[in-house]
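> In the numbering used here, the protein residues as written are 1 to 341.
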C-alpha cells in the first residue's frame, strides 16, 4: 500500500504539491515514524525525495471512523490556522486529504527541526541559556496563537468552582486528605480575584516538548488533533511546563521519578524552578493575571488532569490521570511550594 501511496504523490498530486512549493523528485522513499503504542491512533510516514536525507512530506494515515474523524478535524484546523501569517510558518502546511483503501490519508509538509524532547533526552539544551531561549520560543508561539484566536472572556474561577473541583477529587480518590490550610488558601485566592476575567482562545491541546521542533529558524509545532476553540490559554502553558520538568534530565542519564521531577520543577528552589516561576509569572502578567491567581489556575489545572475525564486532554494509553494525581498530591502536601512564594 505504501508504494501505491508514493505513486499517488508522484503522479496524481505532483502538480498541486509543486504549486504549494514542494518539489517532487522520484523515486520517492519513506520511513514509518509512529511508535507501536501509538499505532492504534495514527500511523505517520516521512517521505523523502530521491537521494535526499531531509524529508519533504509527512503522510498521516487513520483507520476506523473515530481516528478518521480526528485526522479530518486536525486537517481542517491546520487549514484554518495557516491563514494567519504570524503562526503559519510554525505549523505543518496541509497539502491533501483523501481516502485510500478504507484509510484516510493526510499529506503535510515536513517542518524542520529536532523535538525539544529529543534534545533533552540527548542532554542538550539543559544550560540556563538554552532553557530560557526554549521557554521564550514556546511562550511566544502561544501568545501569537492567543492573539489570532481570541474569542472573548470568561470569569475567573470562583470559590464555588474551586470547592467543586476539590469535591470531585475527594469522590474519585476517597479518602482524600486535603490540608485545611491548602484549601483555605485556594478559596481565599478565588475570592480575592473574583473580578478577573480570563481570555478565551484556541488551545493547541498537546503542547509538550515532543511536539515542539527547534531549529535555527525558530520553533515548529506539530500534532494538532487536540485543538479546541474556544478554550483557555493557560492549559497549554501549564501542560508544557509540567511535561518539561518530567523529561528534563535532572540526574543526567539516570531516570528521575515523576513526583521527584515535579518537586524539583515547582516545589523546591533551584535555578530551573526559578526560571520556570519567572517565565510563568511574566506570561500571565501579560494577560493581566497576577501570580497568586496564576498559582490557583495551576492547581485547578492539576485537579482537572487528575480526574478520569482528563483523558480528553491527555489521550495516551494507558490513561495518565493517576500520574497527574500523584503530582497534585506532591504539591498539596508540601509546606511552602516555591511556585507559590
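We put the beta carbon where it would ideally sit given N, CA and C, even for glycine.
(1) Quick one: any contact between the segment 111-129 and the segment 184-204, if contact means 3 or more CB pairs under 8 Å?
(2) Which whole-angstrom value is the C-beta distance of residue 44 and residue 58, which I expect to be below 8 Å?
(3) Just the Cα atoms here: how many angstroms apart are residue 235 and residue 302?
(4) Contact defined as beta carbons within less than 8 Å: I believe residue 239 pairs with residue 207. What is the distance between those atoms, to the nearest angstrom?
(5) Starting from residue 100, follow its DSSP beta bridges and name the residues at the other end.
(6) Mark residue 74 as exposed unless 16 or more other C-beta atoms lie within 10 angstroms of its C-beta, in which case mark it buried.
(7) For chain B, is any of its Cβ atoms less than 9 Å away from the one on residue 62?
(8) Identify, in the order they occur along the chain, each residue of the same chain with its Cβ nearer than 6 Å to the Cβ of residue 77, setting aside the five sequence neighbours on each side.
(9) When burial is assigned at 16 or more other CB atoms within 10 Å of the CB, is residue 38 buried or exposed?
(10) Kindly provide the ranges of any beta strand (DSSP E) runs that are 3 or more residues long and lie completely inside the segment 154-221, ordered along the chain.
(11) For the segment 146-161 against the segment 176-195, are there 3 or more C-beta pairs whose distance is under 8 Å?
(12) Take every Cβ of the segment 321-334, pair it with every Cβ of the segment 253-266, and state whether three or more of those distances are shorter than 8 Å.
(13) Determine the direct distance from the alpha carbon of residue 33 to that of residue 46, and round the result to whole angstroms.
(14) Does the Cβ-Cβ distance between residue 322 and residue 334 come in under 9 Å?
(15) State yes or no: is the C-beta of residue 9 within less than 9 Å of the C-beta of residue 31?
(16) Please list, in chain order, all residues of the same chain as residue 55 whose beta carbon is under 7 Å from its beta carbon, the five residues on each side excluded.
(17) Considering only their Cβ atoms, is the gap separating residue 300 from residue 165 smaller than 9 Å?
(18) What three-state label does DSSP hand residue 236 in the structure shown?
(19) Assign residue 282 to one of two classes, buried (16 or more other C-beta atoms within 10 Å of its C-beta) or exposed (fewer than that).
(20) Three or more C-beta pairs closer than 8 Å, one from the segment 238-253 and one from the segment 213-220: is that the case here?
(21) Opposite residue 60 in the DSSP bridges: which residues?
(22) From which residue to which residue does the alpha helix (DSSP H) around residue 306 run?
(23) Return the CA-CA distance between residue 232 and residue 341, expressed in angstroms with no decimal places.
(24) Would you mind giving the Cβ-Cβ distance between residue 219 and residue 138, rounded to the nearest angstrom? I have them listed as a contact below 8 Å.
(25) Within 10 Å of its beta-carbon, does residue 358 have 16 or more other beta-carbons around it, so buried, or fewer, so exposed?
(26) With a Cβ-Cβ cutoff of 9 Å, do residue 71 and residue 42 count as a contact?
(27) Label residue 113 either buried or exposed according to how many other C-beta atoms from any shown protein chain fall within 10 Å of its C-beta, with 16 as the threshold for buried.
(28) Report back the beta-carbon spacing between residue 142 and residue 237 to the nearest angstrom; my notes put them in contact at under 8 Å.
(29) Out of 178, 11 and 293, state which residue places its alpha-carbon closest to the alpha-carbon of residue 331.
(30) Please report how far the alpha carbon of residue 294 lies from the alpha carbon of residue 151, in whole angstroms.
(31) Among the residues of its own chain, which have a CB less than 6 Å from the CB of residue 311, if the five just before and after it don't count?
(32) Quick test of your reading: residue 131 and residue 275, contact by CB under 8 Å. State the CB separation rounded to the nearest angstrom.
(33) If we ignore side chains and look at the alpha-carbon of each, how far apart do residue 103 and residue 87 end up?
(34) Give every residue of the same chain whose Cβ lies closer than 7 Å to the Cβ of residue 155, excluding the five residues on either side of it in the sequence, and list them in chain order.
(35) For residue 324, which three-state DSSP category applies?
So, from the listed chains and residues:
(1) In short, these stretches do not touch, since the Cβ pair count stays below three.
(2) Taking the Cβ atoms as the reference, residue 44 lies roughly 6 Å from residue 58, within the contact range of under 8 Å.
(3) Each residue's Cα considered, the two are about 10 Å apart.
(4) The Cβ separation is near 5 Å, so the contact holds.
(5) Secondary-structure assignment with DSSP links residue 100 through a beta bridge to 103.
(6) So residue 74 counts as buried.
(7) You won't find chain B in this structure, because it holds only one protein chain.
(8) Closer than 6 Å at Cβ, skipping near neighbours: 224 and 227.
(9) Confidence at residue 38 is low in this model, with a pLDDT of 47, below 50, so the placement of that residue is unreliable and no value is reported for it.
(10) Complete beta strand (DSSP E) runs here, min 3: 197-203, 212-215 and 218-221.
(11) Contact holds: three or more Cβ-Cβ distances are below 8 Å.
(12) Under the Cβ criterion (8 Å, minimum of three pairs), the segment 321-334 counts as touching the segment 253-266.
(13) The alpha-carbon atoms of residue 46 and residue 33 are separated by roughly 7 Å.
(14) No, these two residues do not count as a Cβ contact at 9 Å.
(15) Their beta carbons are not under 9 Å apart, which means residue 9 does not touch residue 31 by this criterion.
(16) Scanning its chain for C-beta atoms nearer than 7 Å, with the 5 sequence neighbours on each side dropped, one finds around residue 55 the residues 46, 47, 48 and 110, in chain order.
(17) For residue 165 and residue 300, yes; Cβs fall inside 9 Å.
(18) Helix.
(19) If you draw a 10 Å sphere on the C-beta of residue 282, you find fewer than 16 other C-beta atoms in it, and that means exposed.
(20) Result no; under three Cβ-Cβ pairs closer than 8 Å.
(21) For residue 60, which the question treats as bridged, DSSP gives the partners 44 and 106.
(22) Run containing residue 306: 291-306, per the alpha helix (DSSP H) assignment.
(23) Distance between the alpha carbons of residue 232 and residue 341: 24 Å.
(24) Yes, residue 219 and residue 138 are in contact; Cβ-Cβ is about 7 Å, under 8 Å.
(25) Residue coverage of the chain in this structure runs from 1 to 341, which leaves residue 358 outside it and unanswerable.
(26) The answer is yes: Cβ separation under 9 Å.
(27) Buried: at least 16 other Cβ atoms inside 10 Å.
(28) At roughly 6 Å, the Cβ-Cβ gap stays under 8 Å, so residue 142 and residue 237 are in contact.
(29) Taking residue 331 as reference, the option from 178, 11 and 293 with the minimal CA-CA separation is 178.
(30) Answer to the nearest angstrom: the Cα atoms are 20 Å apart.
(31) Excluding positions up to five away in sequence, the list reads 319.
(32) Taking the Cβ atoms as the reference, residue 131 lies roughly 6 Å from residue 275, within the contact range of under 8 Å.
(33) One alpha carbon belongs to residue 103, the other to residue 87, and they sit about 30 Å apart.
(34) 197.
(35) Residue 324 falls in the helix class under three-state DSSP.
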